[in-house]
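Residue numbers (this note's numbering), protein chains in the order written: chain A, 75 to 271; chain B, 75 to 271; chain C, 75 to 271; chain D, 75 to 271.
Virtual Cβ for every residue (Gly too), placed ideally from N, Cα, C.
4 protein chains.
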Amino acid sequence: MPKQKITKEEIIEIARQVFTKKGYHRTSMSEIAEICGILKGSLYHHFRSKEDLMTAAIDSFHKKFKEGAFSQVADPGLTTQDKLNMLINYSEKTYLEDEGSMMASIVLETINVVPGIAESIRTFFNEWIDNVSTILEEVYEREGARKIAKESIAAIEGSVMMMQIFKDESFLTRVHEGMRRRVNEKIRSLDLVENNK
Amino acid sequence: MPKQKITKEEIIEIARQVFTKKGYHRTSMSEIAEICGILKGSLYHHFRSKEDLMTAAIDSFHKKFKEGAFSQVADPGLTTQDKLNMLINYSEKTYLEDEGSMMASIVLETINVVPGIAESIRTFFNEWIDNVSTILEEVYEREGARKIAKESIAAIEGSVMMMQIFKDESFLTRVHEGMRRRVNEKIRSLDLVENNK
Amino acid sequence: MPKQKITKEEIIEIARQVFTKKGYHRTSMSEIAEICGILKGSLYHHFRSKEDLMTAAIDSFHKKFKEGAFSQVADPGLTTQDKLNMLINYSEKTYLEDEGSMMASIVLETINVVPGIAESIRTFFNEWIDNVSTILEEVYEREGARKIAKESIAAIEGSVMMMQIFKDESFLTRVHEGMRRRVNEKIRSLDLVENNK
Amino acid sequence: MPKQKITKEEIIEIARQVFTKKGYHRTSMSEIAEICGILKGSLYHHFRSKEDLMTAAIDSFHKKFKEGAFSQVADPGLTTQDKLNMLINYSEKTYLEDEGSMMASIVLETINVVPGIAESIRTFFNEWIDNVSTILEEVYEREGARKIAKESIAAIEGSVMMMQIFKDESFLTRVHEGMRRRVNEKIRSLDLVENNK
DNA sequence: TATGAATGAGTTTTCATTCAT
DNA sequence: AATGAATGAAAACTCATTCAT
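If you want it as structure tokens, here you go:
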């Protein structure tokens, strides 16, 4: 009696959430299946393996991030500050909703152990760095922009971790504030130079 | 063969390294035992459970950090910059040698899943924050010092994570540079104010 | 090989027999699995834990006793003696076939050690006492009936134990005879009183 | 530094109590050692094996019973009732203090599994039966006396079990009362016959 | 005698995965 | 597609026992 009880996308979304909360190894396939309302065996109709499911979860996260944020970085109608705010707001919303970072959880558990996944994660972070960098290049020179982008994203991931330890969201919000302030100041100083001419 | 093959301290040190590299759940007791050159059952002579062993590893890490770095923060013979450098050098050395942060790995794997450990981790980070804060209070007011301390430590942990993803140590060294520069600039600005009086 | 090799009921029946013969702690899950012709891991598909399996065995024993004996105690077509005989025959058959009492084994091994089980066992014995009591109330007053019921069931369990020690079934059969005789005499004495009126 | 911390007799007494409470398999050598205040390894100086320790516990129980009760059955200065009372009081005290019967616990756990022990237990019960029988022969004929003795001891063991299930000592005390009453009535009836001559 | 480290076989339990229906 | 029984390898943990000091 084959009747679709749940779509592949819904399973991925559930898996993403559980992986984020409990980590890769502490999450069992039967647990995901149970939350999905199907049986363990049925999961294997959609995904060949747990690794496959996790890769799908990473890709889906990446895709959502792309559509929700990265895609708008090229928008010529937005100011530098608008674009940065948009990116920051998107990631803040995501990390607060998920109460953690799936990428961070999975990286540390799998990086030395499940090599196939490392690449997906690297791809995601590279693209994030590229996007922040692109925005920053509007006010910084190329090298500096990239450095700040890397630094900022590392700071975000670190603060998400601290947020989990201390159950205190201000770690994350403060990093984001710092990023905004830094760029605002830079822009003001550039404007000053401009006006002084 | 009853005679002591390995000390409790040596076991803890090995466990700490393996936990850091492979994460908590991917590390099995038999694996640790094997590296120690003893049998799985013998591990349980020294530690009642895996959680117990990990707690010992965390505490040992904490203790080493305390002895190697925190203890010198109160030294009146050192300048603010010396103390900060000392702390930074110690953590940089530790994280580069271990090729990662045990605390970060364990936090993300266990925080929502093995509650007993959360407290040990919180204690460590609180103490670290306190020590950086104490140093910074020499040049910042209290509230600001604490904020910067929290921000810095979050940034360090985040950069250690990125370091593992990209196999690129510059994430970590650059955060440390940033911390040094920031404080140096602050001190210079304070000196300027002093001299202008 | 996915298809059903053995039903849950069959597993319970096997477990019941093995638990009765070897006791709870001397019986391992792999042993039960082996007799069932499945793997240890497959047992856990049907039962969450050893305790769960044992509870199922107790409940199944209880249910059989209920269906085979307790259910007929309310039958108005039977004389007091018939009902008592029916109950006695049923328990005698059960205990001789099993060569022991699962309840007794499990009680003594688990009562101070696996608290979850105590309740199931208490429930069974309470119901047994109630049933014997109900029959006896036809010839004794309420209080006395209950006392004799408790005494009799204790005597049965003790005799099953002695039966195992001495490999001598007469311990059990003699207790049953004693119960029958006692009631018969009582009835005769009541009839005498009746006739003398 | 060999200094006697605890005597062999004290260890046996402790083992006897723990075996009674928790059963044979649920009692570990380290647990007994811990209560004794010595280390597990040291237990093996006194006893070659767990089975050896348990056999010692059984023998010690048997010996105490012998000295405390059986030895007085031959006392010509006591009446039948006195002797029976003495035996009953002794066993009642023992079973209530121990909150259970070691023999019963161990029988059911080991009878089909550790054959060496079965013999010790049979010997104890045989001797107990013999002693009760000897007393009863003063008022019953030989065969009848033995039957009642067996019946009574089975009833005692069963009631000790029920006492553990229901945490209700009256199971045991009532069996003992029943034994006393039965013999008193028999004696009274014999006296009647005597007087009627 | 007592210690305590080590053993090794055993226990319960978990879990990703397979597959016939 | 979904089921659910079965697998088998591996996990954490237990414990009676040994033995050099």
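Check your understanding: At which residue ranges does the segment 91-173 of chain D contain complete alpha helix (DSSP H) runs of 4 or more residues, listed in the order of the chain?
Key -> 103-110, 114-120, 124-142 and 154-172
Point to revise | Contact the segment 125-136 of chain D vs the segment 82-100 of chain D: 3+ CB pairs below 8 Å | key: yes
Exercise for review: Could you say which of C:134, C:138, C:145 and C:77 lies nearest to residue 116 (chain C) if we only look at CA atoms?
Suggested key: C:77
Point to revise | Partner residues on chain C for residue 272 (chain D), Cβ-Cβ distance less than 7 Å | key: This structure cannot speak to residue 272 (chain D), because chain D is shown only from 75 to 271.
Practice item. Please classify residue 205 (chain D): does DSSP put it in a helix, a strand, or coil? Key: helix
Exercise for review: For residue 264 (chain D), count neighbouring C-beta atoms within 10 Å of its own C-beta (all shown protein chains included) and say buried if the count is 16 or more, exposed if not.
Suggested key: exposed
Check your understanding: What are the boundary residues of the alpha helix (DSSP H) that includes residue 265 (chain B)?
Key -> 244-270
Point to revise | Contact list for the segment 211-229 of chain B against chain A, Cβ threshold 9 Å | key: 221, 224, 225, 227, 228 and 229
Practice item. Identify, in the order they occur along the chain, each residue of the same chain with its Cβ nearer than 8 Å to the Cβ of residue 260 (chain C), setting aside the five sequence neighbours on each side. Key: 213 and 214
Review point. Does the Cβ-Cβ distance between residue 30 (chain C) and residue 222 (chain C) come in under 9 Å?
Key: Nothing can be reported for residue 30 (chain C): it is not among the residues displayed for chain C, which extend from 75 to 271.
**Study point:** Outcome for residue 269 (chain D) when other beta-carbon atoms lying within 10 angstroms are tallied against a minimum of 16
**Key:** exposed
Review point. Between C:175, C:84 and C:125, which lies nearest to residue 102 (chain C) when the distance is taken from Cα to Cα?
Key: C:125
Exercise for review: Please go through the same chain and pick out, in chain order, the residues whose beta-carbon is closer than 7 Å to the beta-carbon of residue 121 (chain C), but skip the five residues on each side of it.
Suggested key: 127 and 130
Review point. Counting only beta-carbon atoms, is residue 91 (chain A) nearer than 9 Å to chain B?
Key: no
Review point. Would you say residue 86 (chain C) reaches chain D, if we count a Cβ-Cβ gap shorter than 9 Å as a contact?
Key: no
Check your understanding: Does any residue of chain A bring its CB to less than 9 Å from the CB of residue 179 (chain B)?
Key -> yes
**Study point:** CA nearest to the CA of residue 250 (chain C), picked from C:166, C:195, C:219 and C:242
**Key:** C:166
Exercise for review: Give the range of the alpha helix (DSSP H) segment to which residue 227 (chain D) is assigned.
Suggested key: 216-240
Check your understanding: Who are the near neighbours of residue 191 (chain D) in its chain, counting only those whose CB is closer than 6 Å to its CB and skipping five residues on each side?
Key -> 184
Check your understanding: Going by Cα to Cα distance, which pick from B:206, B:181 and B:149 is closest to residue 95 (chain A)?
Key -> B:181
**Study point:** Neighbourhood of residue 106 (chain C) by C-beta distance below 8 Å, restricted to the same chain and skipping five residues each side
**Key:** 85, 88, 89, 92, 117 and 127
Practice item. Examine chain B for any beta-carbon lying closer than 9 Å to the beta-carbon of residue 139 (chain A), and answer yes or no. Key: no
Check your understanding: Name the chain B residues that come within less than 8 Å of residue 182 (chain A), Cβ to Cβ?
Key -> 97, 174, 178, 179, 182, 183, 235 and 238
Practice item. Within its chain, find whatever has a CB closer than 8 Å to the CB of residue 175 (chain A); leave out the 5 residues flanking it on each side and keep chain order. Key: 94, 169, 231, 234 and 235
Point to revise | Proximal residues, the segment 247-265 of chain A versus chain B, C-beta separation under 9 Å | key: 248, 249 and 252
Point to revise | Simplified DSSP assignment, three categories, for residue 212 (chain A) | key: coil
Check your understanding: Can residue 148 (chain B) and residue 178 (chain A) be called in contact, C-beta distance under 9 Å?
Key -> no
Check your understanding: Is there at least one Cβ from chain D nearer than 9 Å to residue 143 (chain C)'s Cβ?
Key -> no
Practice item. Reducing DSSP to helix, strand and coil, say where residue 188 (chain B) ends up. Key: coil
Review point. Nearest chain C C-beta to residue 166 (chain D) closer than 9 Å, yes or no?
Key: no
Review point. Going by C-alpha distance, which of B:217, B:119, B:160 and B:99 is nearest residue 80 (chain B)?
Key: B:119
Check your understanding: Going by beta carbon distance, what residues of the same chain come within less than 6 Å of residue 238 (chain C), once the five residues before and after it are set aside?
Key -> 174
Point to revise | Contact set between the segment 192-203 of chain A and chain B, restricted to residues whose Cβ is under 9 Å from the partner | key: 192, 195, 196, 199 and 200
Practice item. Using 10 angstroms around the beta-carbon of residue 216 (chain A), count the other beta-carbons present and answer buried if the total reaches 16, otherwise exposed. Key: exposed
Review point. Would residue 100 (chain C) count as contacting chain D if we go by Cβ distances under 9 Å?
Key: yes
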